[in-house]
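S.K.: Before I ask anything, here is the structure I am working with.
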Amino acid sequence: MAAIVHDPSRPTQTHHEVTRDVVNTLGTAGRGYFLLLGAAVLLFLVGAVTFVMLLKDGLGLAGYIPPGYWSVYITTFVFWIGIGHAGTLISAILFLFRSTWRTAVYRATEAMTVFAVMTAGLFPIIHIGRQWFFYWLLPYPNQRWLWPNFKSPLIWDVFAISTYLTVSTTFLCVGLVPDVAAARDLMKGWRSKVYGIFSLGWKGTDQQWRHHSRAYLYLAALATPLVLSVHSVVSWDFAMSIVPGWHGTIFAPYFVAGAIYSGVGMVLTLIIPLRKALKLEHMITEFHFDNLAKLTLLTGSILFYAYAMEYFIGWYSANTFEQTTFWRRAFGPMWWGGWTMITCNAFVSQLFWFKKVRTNLTALFVISIFINIGMWFERYVIIVSSLANDYLPYAWDNMRPTWADWGILAGSFGWFSMWFLLFARTFPVVAIQELKEQIPMPRLRKGGH
Amino acid sequence: MARTIPGVLAAFEHIDAACDAIQALRAQGRKEFTVYSAAPNHELEHALGIETSPVRLFTLIGGITGVCAGVGMTFWMSLDWPLLVGGKPIATVPPYVVFMFELMVLLGSLSTVAGIIILSALKPTTGMAYDPKFSDDRIGIFVPCRGEEAGKLIRMFRDAGSVEVRHAA
Chain A
407 MAAIVHDPSR
417 PTQTHHEVTR
427 DVVNTLGTAG
437 RGYFLLLGAA
447 VLLFLVGAVT
457 FVMLLKDGLG
467 LAGYIPPGYW
477 SVYITTFVFW
487 IGIGHAGTLI
497 SAILFLFRST
507 WRTAVYRATE
517 AMTVFAVMTA
527 GLFPIIHIGR
537 QWFFYWLLPY
547 PNQRWLWPNF
557 KSPLIWDVFA
567 ISTYLTVSTT
577 FLCVGLVPDV
587 AAARDLMKGW
597 RSKVYGIFSL
607 GWKGTDQQWR
617 HHSRAYLYLA
627 ALATPLVLSV
637 HSVVSWDFAM
647 SIVPGWHGTI
657 FAPYFVAGAI
667 YSGVGMVLTL
677 IIPLRKALKL
687 EHMITEFHFD
697 NLAKLTLLTG
707 SILFYAYAME
717 YFIGWYSANT
727 FEQTTFWRRA
737 FGPMWWGGWT
747 MITCNAFVSQ
757 LFWFKKVRTN
767 LTALFVISIF
777 INIGMWFERY
787 VIIVSSLAND
797 YLPYAWDNMR
807 PTWADWGILA
817 GSFGWFSMWF
827 LLFARTFPVV
837 AIQELKEQIP
847 MPRLRKGGH
Chain B
57 MARTIPGVLA
67 AFEHIDAACD
77 AIQALRAQGR
87 KEFTVYSAAP
97 NHELEHALGI
107 ETSPVRLFTL
117 IGGITGVCAG
127 VGMTFWMSLD
137 WPLLVGGKPI
147 ATVPPYVVFM
157 FELMVLLGSL
167 STVAGIIILS
177 ALKPTTGMAY
187 DPKFSDDRIG
197 IFVPCRGEEA
207 GKLIRMFRDA
217 GSVEVRHAA
């Protein structure tokens with residue numbers, strides 16, 4: 407018989423220790439937290455002021471130069487949507503696979519998903535120019551009974567993103583209810599009352615668990631194909647066109663892998679400081695980081711393959727326009743962007759073959775920053791470099807981002823960080839109930855069930 | 057303030073003791089009792105003989121409604137104002153599958169949540185005795201009863217290994 411070894415995916419604490427340690431992270435915060443929150447709000451204000459200027463003076467403030475009318479805003483939109491994907495992968499797909507290591511990290515990643523999609527959802531509105539008519543994107547009965555063009559991938563995107571935001575928010579809230587009830591029961595005074603309102607009368611009865619557990623399973627089953635569909639639809643915004651560098655059948659899996667890769671990068675960037683600040687080192691351990699790094703290695707390697715395939719097919723197609731596009735991506739005016747993307751994504755991720763790197767938090771944090779930078783550049787290169795060289799060579803020109811582009815980009819980071827920081831101090835960032843499910847309860851008699 | 061339901065509330069630290077007590081209650085033919093726990097536990101579910109939740113019906117109906125809404129919306133709106141774009145058919149299935157799928161997921165998820173709310177509301181917990189430790193590390197059993205019956209139940213829970221039993225009135 408095989409020896410019984412300790413399973414590192416299972417927590418070592420008791421039920422009470424889990425409740426106490428997680429509930430202790432709520433409420434009072436130190437000066438460092440408020441400094442970070444202040445910086446986030448400040449960045450958000452930079453974005454808000456830029457947006458007001460865009461409303462007032464129009465999109466001419468951004469660095470659009472014909473023929474490129476998609477640039478930093480669409481790049482950042484795709485970047486934030488991608489960030490969200492790792493959260494749903496970890497919370498829903500790994501749940502269906504019964505991957506127990508996800509439990510300690512999934513709540514923080516699911517919250518990251520909701521806030522990232524919330525951030526991304528602002529960008530199409532910022533980008534459309536006449537922002538006050540954003541509701542024209544929706545199929546609503548209007549005076550002329552005109553409807554959207556359902557054959558356009560841009561309308562597919564409206565439905566995909568709004569569904570994704572609704573479903574991921576629902577999924578987060580359904581998981582949160584029992585944990586908020588645990589916080590309500592451990593806290594005193596007005597805090598207990600506030601958590602009492604958010605716990606929606608949850609008492610953990612057998613009937614409540616019966617419906618909750620099943621519903622959670624079905625929500626995970628619905629969220630799983632959704633997450634794969636959302637970035638496929640985003641990729642079709644590009645792939646359905648005939649712009650050289652965009653028109654590729656590989657785009658859907660390539661974008662989904664990239665999205666998860668960038669999302670896990672952001673998870674690492676957020677969780678490494680978060681676990682230290684909230685004193686959760688005993689819950690989110692080296693084992694969890696090792697697994698997250700392996701996920702990064704897998705998706706990073708898929709990206710490596712996709713990059714290689716893009717260049718190979720560009721050459722093999724014998725299509726002059728494709729060949730020129732990829733030649734310019736590596737050696738043209740935007741060579742620095744092309745190589746940043748390849749270095750940060752394809753090459754840097756390969757460092758995770760080494761366990762020493764996977765379990766070194768400093769290395770993980772530094773690499774995660776490279777991933778964030780690399781994935782933003784990937785979208786920038788795909789969008790801007792392809793549009794800069796489209797059908798009419800006399801019109802070719804590269805866009806030059808202005809303060810209005812950088813202001814909105816900075817604002818998006820502020821907006822996202824502000825919500826994430828507020829969430830981390832207000833709601834349990836580790837799933838109390840799911841951790842307890844993995845801890846065997848004490849028994850009077852010896853032996854198991 | 058909601059009226060308190062009279063009964064007996066027992067707390068257990070040990071899972072096997074709680075399961076013994078549940079089985080003893082069921083052996084007495086009792087059906088109207090409630091078990092509290094901090095997390096779902098398959099031993100408790102086994103002792104309670106819990107059947108699969110009908111919440112799946114909500115998911116199924118919501119999902120099917122979503123697909124139908126996707127078909128209806130895209131085809132009706134395309135045909136309502138037929139506009140030829142890029143030589144493509146006015147109404148066609150492949151691009152519309154995206155809407156059918158997205159609306160299936162959207163309505164399927166929302167109806168699943170509605171399912172939890174509706175099904176939980178069918179068994180309200182208002183007025184039932186509760187202890188904050190049940191969301192921490194204890195299992196609770198609440199049996200609505202009166203008078204002499206309560207005394208018998210208290211003895212039975214103590215024998216089963218309960219760490220705390222009290223009257224709730």
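Residue numbers (our numbering), protein chains in the order written: chain A, 407 to 855; chain B, 57 to 225. The C-beta atom is built at its ideal place from N, Cα and C for all residues, glycine as well.
I'd like to know if the segment 189 to 197 of chain B and the segment 92 to 102 of chain B are in contact, where contact means that at least 3 CB-CB pairs between them fall below 8 angstroms.
M.R.: Segments in contact, yes.
S.K.: DSSP on R222 of chain B, reduced to helix/strand/coil?
M.R.: strand
S.K.: Between T420 of chain A and the rest of its own chain, which residues show a CB-CB distance below 6 angstroms, the 5 nearest in sequence each way excluded?
M.R.: none
S.K.: Please list, in chain order, all residues of the same chain as T130 of chain B whose beta carbon is under 6 angstroms from its beta carbon, the five residues on each side excluded.
M.R.: Y152, F155
S.K.: For A103 of chain B, tell me which candidate among B:F114, B:L116, B:T115, B:A73 has the shortest Cα-Cα distance.
M.R.: Residue nearest to A103 of chain B within the set B:F114, B:L116, B:T115, B:A73 is B:A73 (criterion: CA-CA distance).
S.K.: Once the 5 residues before and after V111 of chain B are set aside, which same chain residues still bring their CB inside 8 angstroms of it?
M.R.: T168, G171, I172, L175
S.K.: In terms of DSSP beta bridges, what is I471 of chain A paired with?
M.R.: The beta-bridge partner set that DSSP reports for I471 of chain A consists of A:G474.
S.K.: Within 10 Å of its beta-carbon, does Q549 of chain A have 16 or more other beta-carbons around it, so buried, or fewer, so exposed?
M.R.: Label assigned to Q549 of chain A: exposed.
S.K.: What three-state label does DSSP hand T90 of chain B in the structure shown?
M.R.: strand
S.K.: Using beta carbons (cut-off 8 angstroms, strictly below), is M57 of chain B in contact with chain A?
M.R.: Because M57 of chain B carries a pLDDT of 47, less than 50, the predicted location of this residue cannot be relied on, and no value is offered for it.
S.K.: Say whether chain B places a C-beta atom closer than 8 angstroms to the C-beta of F556 of chain A.
M.R.: yes
S.K.: Compile a chain-ordered list of the residues in the segment 127 to 153 of chain B whose CB is closer than 7 angstroms to at least one CB of chain A.
M.R.: M129, T130, M133, S134, D136, W137, V141, K144, P151, Y152
S.K.: Kindly indicate which three-state DSSP category V600 of chain A falls into: helix, strand or coil?
M.R.: helix
S.K.: Measure the beta-carbon distance from E516 of chain A to L606 of chain A and round it to whole angstroms, keeping in mind my assumption that it falls under 8 angstroms.
M.R.: Their Cβ separation, rounded to whole angstroms, is 18 angstroms, which puts E516 of chain A and L606 of chain A out of contact at 8 angstroms.
S.K.: Give the straight-line distance between the Cα atoms of I677 of chain A and V836 of chain A, rounded to the nearest whole angstrom.
M.R.: 11 angstroms
S.K.: Nearest by alpha-carbon distance to I773 of chain A: which of A:L674, A:A588, A:I489 is it?
M.R.: A:L674
S.K.: Step through the CB atoms of chain A and report whether any lies within less than 8 angstroms of the CB of R214 of chain B.
M.R.: It does not: the Cβ of R214 of chain B has no partner Cβ on chain A nearer than 8 angstroms.
S.K.: Have a look at P145 of chain B and I106 of chain B and give me their C-alpha separation to the nearest angstrom.
M.R.: 52 angstroms
S.K.: Check for me: the beta strand (DSSP E) holding I775 of chain A runs from which residue to which?
M.R.: Segment 767 to 786 is the alpha helix (DSSP H) holding I775 of chain A; no beta strand (DSSP E) there.
S.K.: Taking the beta carbon of L461 of chain A as the centre, do at least 16 other beta carbons fall within 10 Å, making it buried, or is it exposed?
M.R.: L461 of chain A is exposed by the Cβ-count criterion.
S.K.: Say whether chain A places a C-beta atom closer than 8 angstroms to the C-beta of H70 of chain B.
M.R.: yes
S.K.: Just grab the DSSP bridge partners of L65 of chain B for me.
M.R.: L65 of chain B is bridged to B:F198, B:R222.
S.K.: Excluding the 5 residues flanking R222 of chain B on each side, which residues of the same chain have their C-beta closer than 7 angstroms to its C-beta?
M.R.: L65
S.K.: Let me know the secondary structure DSSP gives T611 of chain A once reduced to three states.
M.R.: Three-state result, T611 of chain A: strand.
S.K.: Between B:S218, B:M133, B:V127, B:E88, which has its C-alpha nearest W553 of chain A's C-alpha?
M.R.: B:M133
S.K.: Around the Cβ of F760 of chain A, are there at least 16 other Cβ atoms within 10 angstroms (buried) or fewer (exposed)?
M.R.: exposed
S.K.: Determine the direct distance from the alpha carbon of L166 of chain B to that of F644 of chain A, and round the result to whole angstroms.
M.R.: 30 angstroms
S.K.: Answer yes or no: does any C-beta atom of chain A fall closer than 8 angstroms to that of K179 of chain B?
M.R.: yes
S.K.: Measuring alpha carbon to alpha carbon, tell me which of A:A587, A:T519, A:V573 ends up nearest V428 of chain A.
M.R.: A:A587
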